[in-house]
Every structure is written in structure tokens, then in C-alpha cells.
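All remarks here apply to the structure that follows.
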Amino acid sequence: MPKSAPLLLATNSPLTSQVSIDSWLKLQCSPPHLKMNESARANHLVKMWQPAFRCATRLFDLLLTTLTILGMQQYILPADAPEHRRLDLQQMLLSRVRDGLFLHKDGVHRALTPKPGDPTPVIIDLGCGSGFWTMEMAKQFPDADVIGIDLVVPTPASPIPPNCRFEQHDLNNGLAGYQNAANVIHASCVAQGIINYQKLMDEIWEALRPGGVYLTVAGDMQMLDHNKEPWMVREDEEKEFSYHVLMMTKSWDAMKAKGPGISSYSEIPSWIEQMGSEKWEASGVEHKYVPIGPWEENMTEHDKQTAELMRQDMIRLQNALVPGIRAYGIPEETVQRWLGGARDELVNMRKHIYCHWLFTWAVKHQGGSE
Numbered sequence: 001m002p003k004s005a006p007l008l009l010a011t012n013s014p015l016t017s018q019v020s021i022d023s024w025l026k027l028q029c030s031p032p033h034l035k036m037n038e039s040a041r042a043n044h045l046v047k048m049w050q051p052a053f054r055c056a057t058r059l060f061d062l063l064l065t066t067l068t069i070l071g072m073q074q075y076i077l078p079a080d081a082p083e084h085r086r087l088d089l090q091q092m093l094l095s096r097v098r099d100g101l102f103l104h105k106d107g108v109h110r111a112l113t114p115k116p117g118d119p120t121p122v123i124i125d126l127g128c129g130s131g132f133w134t135m136e137m138a139k140q141f142p143d144a145d146v147i148g149i150d151l152v153v154p155t156p157a158s159p160i161p162p163n164c165r166f167e168q169h170d171l172n173n174g175l176a177g178y179q180n181a182a183n184v185i186h187a188s189c190v191a192q193g194i195i196n197y198q199k200l201m202d203e204i205w206e207a208l209r210p211g212g213v214y215l216t217v218a219g220d221m222q223m224l225d226h227n228k229e230p231w232m233v234r235e236d237e238e239k240e241f242s243y244h245v246l247m248m249t250k251s252w253d254a255m256k257a258k259g260p261g262i263s264s265y266s267e268i269p270s271w272i273e274q275m276g277s278e279k280w281e282a283s284g285v286e287h288k289y290v291p292i293g294p295w296e297e298n299m300t301e302h303d304k305q306t307a308e309l310m311r312q313d314m315i316r317l318q319n320a321l322v323p324g325i326r327a328y329g330i331p332e333e334t335v336q337r338w339l340g341g342a343r344d345e346l347v348n349m350r351k352h353i354y355c356h357w358l359f360t361w362a363v364k365h366q367g368g369s370e
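Per the working numbering, the sequence shown runs over residues 1 to 370.
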């Protein structure tokens, strides 16, 4: 059997930039440090092992990055600073649409009211994105611990409240570490990144404490016309053709090609019903239709501002969709033409389009976990 090549260790050691582990150990174990006093020996040992610590840190960072990339293969939107700013804008929009950070206000406040002898209330934000909702909830409920979970930990520009923290985790790996841990669990627009959402819902139920509230919201990528009917993709010479609708439809196709998760959000109410009243003691659904831009007649000032936030969100979303559409096999020249057309439609409100939002909530039965 041929002799294997020596394993190389990448290091910033002043002695060498790349040496074999065997040679490196021989260099570090030379006699001089044995003759030093205790203080000098301690300093020498710290310096001696620093390259190994640096190497281990690099290897850990590489592993973490690799795991993150593998997890994000299911999720085709970016996780960069511009996307996080868009998600901040989206959460502002949703707060106006539902008149606050959440629906079923009485149930949420009841679940988060500290009770003598009970553990500290906990809020978990699944797929927290930019961390906007997470931090706002931490401010609104200072007596609760608030945890934001996502593939990429956000780095908010504003200070993180002391009762708030962020954890890196792929929801497709389950919530085994959070069983019976939360009073409120929130999931906003995460369906496209989930391989099996119905399984995740079982785990959400397990993670909630008795009386805990599950909150979820999803935006439909099927755009609606001025009559709130599905706006279908047409040939570009037809009157009702829309580049924005085309971009959204192709993105939908690209997401579906990654797995069935993107279609699962509409099934959430029926899955809650299937789980039964022995698990969920109450639930509710609300449908909201938001115009993309203030094009409706006789709009209130509140509705105009909400519609404008919807338009700004969509303008930014178009840029975020480009990498996924490109990866789906659409030529770059075509993608840029679509993007230019969609941006023109949105900036100048050339098309009257609605976006449909689905809000769902459910309360875990007081009987507790099985």
C-alpha cells in the first residue's frame, strides 16, 4: 500500500503558513518551553496552540456555512441585507393589514400573561428573517423570552432587546429541542422553505405549552385582478398581459420545482381541522386583499398607506426573485426584460392588481401535551 501524503494544517503560525501536522507537533514540542517558569510556560503554550485554535475555528465556520447553504437549497430567496430590509418593510405592511403584530389578541395576551408558579412566557418566531417581528414582540412583552429562529441569524441595525435572542436552525430538521417550550409560535411566509409543512405543524403543536397560540401568515404568489380573480399569464401582446404576474408565476414554478412546500400554506386551516379539537381548542382564518399601490377609488388615508407599502414591498421582491428565476433556466436577457417591465408596471401603477394574504391562528388545547 503506498504511503499516504502528510495531512496539511492551514495556519497563521509565524514559523510557516502550511506544515504537516506531524512536523508542526515536533516544532511545538521542542525542549525550550520545558525550561521556562510557570508564567512564561503558560504564555508559550497559549501561543503554541493558537494556530490549532484558528484552524479549528476555520473548519467550524466552513462546516456551518456548508450546512447553511444545504438548508437554503430549499429556500430560493436571498438572505442578504437588502432582503432583510424588504422583510422589515413587509412586517410593517402586515402590522397595518392586521392592525397590530398579531390576530386573536385576547388569546395571545392570555397566553403571555405571567402566572405565579409558571415558567417565563416564551415566544418563538420561526423563520424570523430580519428579526423585525421578533424584536417588536420583545418590546411589547418585556416579561417574555423571545427567540427568533432562521437559517441565517439576522444582524439588526437597532439594539436587540435584552429579552430577545436569535438562533440558527433549519426548521426541516424539526423542533425536538423546543418541546413544551413556547406560549406563542409565529411563522410568517415560511412555507416555501419547508419540505413537509404538515409534519412541522405536528412539531409546532408539541412545542406549544397548553393554551399556547400558533400564528401564521402567508402571501399568495397567485396575483389577482381588479375583480379579485386569478390573473393568469398571457402572451405579451395581449391586453391583460403583466410582467409582474409573469415574474410571480415563474418564481412560483421555480419554488415548486424545489418541493411542494410553497403550496402548503393554503392547507394549514384544513390541517388544523384534521388534527381535531382534542389538540386545538379554537382556531380562526382571515383573508385580506391588499391592492398593489393606492389605485382603488375612495381609499382612506390608512388604506392608501397600506397599499403603498404593498407596492414598495413588491418592487423590492422583484429584485429578490431574479436569482431563483435565473437558476430555473430562464436566460439572463429574458429575466432582465421581465424585470424591467415588472418594475415599470409597479412604479407607475399600470396594472390594477391585488395580493391575497392568508392569516391563520390556533390555540392548543388546555389538556396539554400527549
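Every residue, glycine too, gets a C-beta built ideally from N, C-alpha and C. These figures come from a predicted structure and were not determined experimentally.
| Check | Outcome |
| --- | --- |
| Distance between Ile292 and Ile325 (C-alpha atoms, nearest Å) | 22 Å |
| Cα-Cα separation, Met137 to Lys239 | 45 Å |
| Proximity winner among Val217, Lys199, Pro119, relative to Ala176 (alpha-carbon distances) | Lys199 |
| Enclosing alpha helix (DSSP H) for Glu206 [first to last residue] | 197–207 |
| Gly174 - DSSP class collapsed to helix/strand/coil | coil |
| Same chain only: Cβ atoms within 7 Å of Ser95, ignoring 5 sequence neighbours per side | Leu101 |
| The segment 202–219 in contact with the segment 169–189 per 3-pair CB rule at 8 Å | yes |
| Given 8 Å, three or more beta-carbon pairs between the segment 152–168 and the segment 217–226 | no |
| Secondary structure, alpha helix (DSSP H): runs of 4+ residues fully inside the segment 280–356 | 301–327, 332–347 |
| Contacting residues, own chain, Cβ-Cβ under 6 Å from Glu206 (five flanking each side not counted) | Gln179 |
| Cβ neighbour criterion (16 or more within 10 Å) applied to Arg337 | exposed |
| Anticipated Cβ contact below 8 Å, Ala342 with His226, distance rounded | Actually they do not touch by this definition, with Cβ atoms about 18 Å apart. |
| Chain-order list of residues whose beta-carbon lies under 7 Å from that of Thr249 (same chain, five-residue window excluded) | Val233 |
| Ile272, enclosing beta strand (DSSP E) - first and last residue | It is not in any beta strand (DSSP E) - Ile272 instead sits in the alpha helix (DSSP H) that spans 268–275. |
| beta-carbon Arg311 near the ligand SAM non-hydrogen atom, thresh 6 Å | With respect to the ligand SAM, the structure shown offers nothing to examine, as it has no ligands at all. |
| Cross-strand partners of Ala182 (DSSP beta bridge) | Leu208 |
| Reduced DSSP secondary structure (H/G/I, E/B, other) of Phe132 | helix |
| Bridge partners - Tyr165, DSSP secondary structure assignment | It should be noted that the sequence gives Arg, not Tyr, for residue 165. The partner list for Arg165 (beta bridge, DSSP) reads Ile147. |
| Bridge partner(s) assigned by DSSP for Phe359 | Val217, Glu286 |
| Reduced DSSP category for Ile160 - H, G, I as helix; E, B as strand; rest coil | coil |
| Where Leu89 falls: helix, strand or coil (DSSP) | helix |
| Same chain only: Cβ atoms within 8 Å of Cys128, ignoring 5 sequence neighbours per side | Thr134, Gly148, Ile149, Asp150, Pro154, Phe166 |
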